[in-house]
Amino acid sequence: MNKTIRRSAVFTLLLVLALLVRATWVQFYEGQALADDKDNRRNAIEQYANPLGNIIVAGDAITGSAQTKGSDLEYKRTYTDGSLYAAVTGYSSQVYGATQLEGIYQDLLDGTDLQLKTPLDTITNKRADPGDVVTTIDPDVQKAAYEALGDKKGAAVAIDPTTGKILAVVSTPSYDPSQLSAGDSDAWTKLTKDADKPMTNRALRQPLPPGSTFKLVVAAAALEDGLYSDVDAKTDSPNPYTLPDTTTDLANENASAPCENASIRVALQYSCNNVFAKMAVDLGQDKLRAQAEKFGFNDESQDVPVRAYTSVYPSDMDKSSTALTGIGQFDVTATPLQMAMVSAAIANDGKLVTPHMVSQTSDSDGNVLTNYDDSTESKEIVSSSTAEQLQSAMQTVVEDGTGTNAQISGATVGGKTGTAQHGENNSQTPYAWFTSYAKSDSSDKEVAVAVLVEQSDAARSEVSGNGLAAPVAKAMMQAALKD
2 MNKTIRRSAV FTLLLVLALL VRATWVQFYE GQALADDKDN RRNAIEQYAN PLGNIIVAGD
62 AITGSAQTKG SDLEYKRTYT DGSLYAAVTG YSSQVYGATQ LEGIYQDLLD GTDLQLKTPL
122 DTITNKRADP GDVVTTIDPD VQKAAYEALG DKKGAAVAID PTTGKILAVV STPSYDPSQL
182 SAGDSDAWTK LTKDADKPMT NRALRQPLPP GSTFKLVVAA AALEDGLYSD VDAKTDSPNP
242 YTLPDTTTDL ANENASAPCE NASIRVALQY SCNNVFAKMA VDLGQDKLRA QAEKFGFNDE
302 SQDVPVRAYT SVYPSDMDKS STALTGIGQF DVTATPLQMA MVSAAIANDG KLVTPHMVSQ
362 TSDSDGNVLT NYDDSTESKE IVSSSTAEQL QSAMQTVVED GTGTNAQISG ATVGGKTGTA
422 QHGENNSQTP YAWFTSYAKS DSSDKEVAVA VLVEQSDAAR SEVSGNGLAA PVAKAMMQAA
482 LKD
């Protein structure tokens, strides 16, 4: 009998010890994981127990918080001009999480960021008052892009070349983030199933073939390599140009354009495919890729601070494919952000300042926590001589070439159009591109932009960078340069 009791006591003791070990493990090792679990309702209750911090544009909050009714989540996120700024803010939803700046700075905006805690908050574990995110966005440039794009499917980005500040990020069609704040399942289903994908940030996160706007990168590589001494030197460019190891002749959009052996200036002016396809082959894919990567292609960690999708210049190609990359086709892809960076570097005498759309973060009293304007870097992408030559050639494009719709009185404007093939054998409506820069003749203001029109109501024959995208760029540049 005693032996049985002893065994039972030992077994019971082992069970108690196992429970103690498990409880200790949960409390000290799994506790934080359970507390941080996205399905833990207490986190949402705590996050929305008080108003959130705000995202600021030109000194004004474009976000807010409103009290809810009949919910254990006391506040929900609100947006001012939500559709206008959706590509900047993203959304903060009680059910669907947070994206864009709302997601990146979620801890700052809800008061859990350790930078916000006072010593007393740390001791008492009290949630701090939330901080704010101050953007670099210029509301006039943002509105100009949004209104000019209108009902077209597309995107636009504007950058100050001298500071790297992103002045506008627009994606259309857009959506109102307020629809998702309280977790409206009908709104979520409608938006996520919409064939036009309004929640996709086309400006930063949808790389597409850049077409002839990529010819700027090819021209930069040719000048930097010394393949041609300047933009007015004659090139070795037969017209028509037969793609290497094929019997396929590469056509030019304008059959009567003076593209045979045209200089870089004339080739940009008339967007001669034969010149840049041959130039890409003469340079070779490695040199061209190296130049593209200087501009930002193939960068898998391009944060502004929203992570932009990678713009791609491909590798392991044959010569005919390399030729097609020279006109921004084959597997070359770029975001509007990337093409704006190309123009920004050229406009800034060959130097690219790190693009960013957050100027600073601050606490509830307005004290600066991080100043991003002071932490930007400047990298030389091309020499000042090459940049000056390309500026001049881009000005010719706008003054007397394929980009005349971007002309602005009182400003020096340079640009490059692009009409990128879409679909097998170019069976679908092409993409219309325009990238450019403008410098005021009466002040030190300047801006670089890129516009993509993915789809519009225009007839296929009327789809062009000059016809669809250049007027959008012009409206943005005018807004950026105005006094």
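Note that the sequence shown covers residues 2 to 484 in the working numbering. Glycine included, each C-beta is placed from N, C-alpha and C at the ideal position.
Excluding the 5 residues flanking residue i on each side, which residues of the same chain have their C-beta closer than 7 Å to its C-beta?
i    : result
D197 : K154, P174
E75  : Y49, A50, Q68, T69
K320 : P245, D246, V282
G297 : Q303, S312, Q339, M342
D226 : L284, K288
R78  : L53, T64, S66, S93, S182
T113 : R128
Y373 : H357, V359, S360, Q361
Could you tell me which residues DSSP pairs with residue i in its beta bridges?
i    : result
G155 : T173, V454
Q361 : V135, N372
V58  : D61
A281 : DSSP, once it has assigned bridges, lists no residue as partnering A281.
Y242 : L251
A335 : L209
Q99  : Going by the sequence as given, residue 99 is Ala instead of Gln. A99 is bridged to S93.
S379 : V354
I347 : Per DSSP, none; premise fails for I347.
I6   : Partner(s): none; I6 has no beta bridge.
Indicate the three-state DSSP secondary structure (helix, strand or coil) for residue i in the structure shown.
i    : result
D133 : strand
S68  : One point to set straight first is that residue 68 is Gln, not Ser, in the sequence displayed. Three-state result, Q68: strand.
A481 : helix
R78  : strand
Y49  : coil
V267 : helix
G104 : helix
V11  : helix
S385 : helix
L21  : helix
L35  : Residue placement at L35 cannot be trusted, given a pLDDT of 45 that sits under 50; what the coordinates show is reported in the next sentence. The answer is helix: DSSP assigns L35 an H, G or I state.
Residue i and residue j: beta carbons closer than 8 Å?
i    : j    : result
V333 : T326 : yes
T201 : G419 : no
Q270 : D401 : yes
V354 : T377 : yes
A87  : P162 : no
A481 : K440 : no
V448 : M478 : yes
S238 : V276 : yes
A156 : A234 : no
R206 : Y80  : no
V171 : L192 : no
V89  : Q101 : yes
A394 : V232 : yes
R485 : S316 : There is simply no residue 485 to check, as the chain begins at 2 and stops at 484 in what is shown.
L224 : Q392 : no
V383 : A268 : no
Apart from the five residues just before and just after residue i, which ones in its own chain have a Cβ nearer than 6 Å to its Cβ?
i    : result
G54  : L110, P131, G132, D133
A407 : V399, V414, G416, S437, A471, A474, K475
A388 : I347, D350, G351
T403 : S272, T418, N467
L117 : A129, G132, D364
A293 : V218, Y314
D139 : L168
P241 : D250
S84  : S175, D177
A145 : A476, M477, A480
N274 : L251, N253, I328
Report yes or no: is there a C-beta of chain C within less than 8 Å of the C-beta of residue i?
i    : result
A196 : In summary, chain C is missing from the structure at hand, where a single protein chain is found.
Quick one: what's got a C-beta closer than 8 Å to residue i's C-beta in the same chain, skipping five residues either side?
i    : result
I57  : I63, D133, V134, V135, T136
D82  : I63
T243 : T249, D250, L251
A188 : Q180, L181
E148 : A476
T5   : none
Any chance the CB of residue i is under 7 Å from a heavy atom of the ligand FAD?
i   : result
T90 : Ligands are entirely absent from the displayed structure, and the ligand FAD is therefore not among its contents.
- Task: Only counting runs of 3 or more residues, tell me where the beta strand (DSSP E) segments fall wholly within the segment 396-474, in order along the chain.
- Result: 412-423, 429-441, 447-456
- Item | In chain order, each alpha helix (DSSP H) run of at least 4 residues that lies wholly inside the segment 293-333 | 320-326
- Message: Quick check for students: name the residue ranges of the beta strand (DSSP E) that lie wholly in the segment 163-229, counting only runs of 3 or more.
- Response: 167-173
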